[in-house]
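Asks:
Numbering (this note's numbering), first residue to last: 4 to 96.
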């Protein structure tokens, strides 16, 4: 099992052989860079934004929403949920 420490640096644990952990990490790295991974992450961002927008009052995380919208609007991740939502980061102040 791989845990992540400060700045996303992997911390390898002793219950899984290091070679297997490294193999899994390479798989995840390739997946994130692939079209499928970009779609998966785009979908996750889309759903997370929709849920976070439901939060009202002091618990609403405006800067997190703005950052998530900016990431989703970038060319790197793909939002296949074209339901007319405009994720403009400047929607909230």
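We treat Cβ as the ideally placed atom computed from N, Cα and C, and that holds for glycine.
1) Roughly how many whole angstroms lie between the Cα atoms of residue 29 and residue 69?
2) What is the residue span of the alpha helix (DSSP H) that residue 63 lies within?
3) Using 8 Å as the threshold, is the C-beta distance between residue 71 and residue 48 below it?
4) Can you tell me which of the three DSSP states residue 21 falls into?
5) With a threshold of 16 other CB atoms inside 10 Å of the CB of residue 75, please say whether the residue is buried or exposed.
Replies: So, from the listed chains and residues:
1) 30 Å
2) Residue 63 -> no alpha helix (DSSP H), and no H or E assigned at all.
3) yes
4) helix
5) buried
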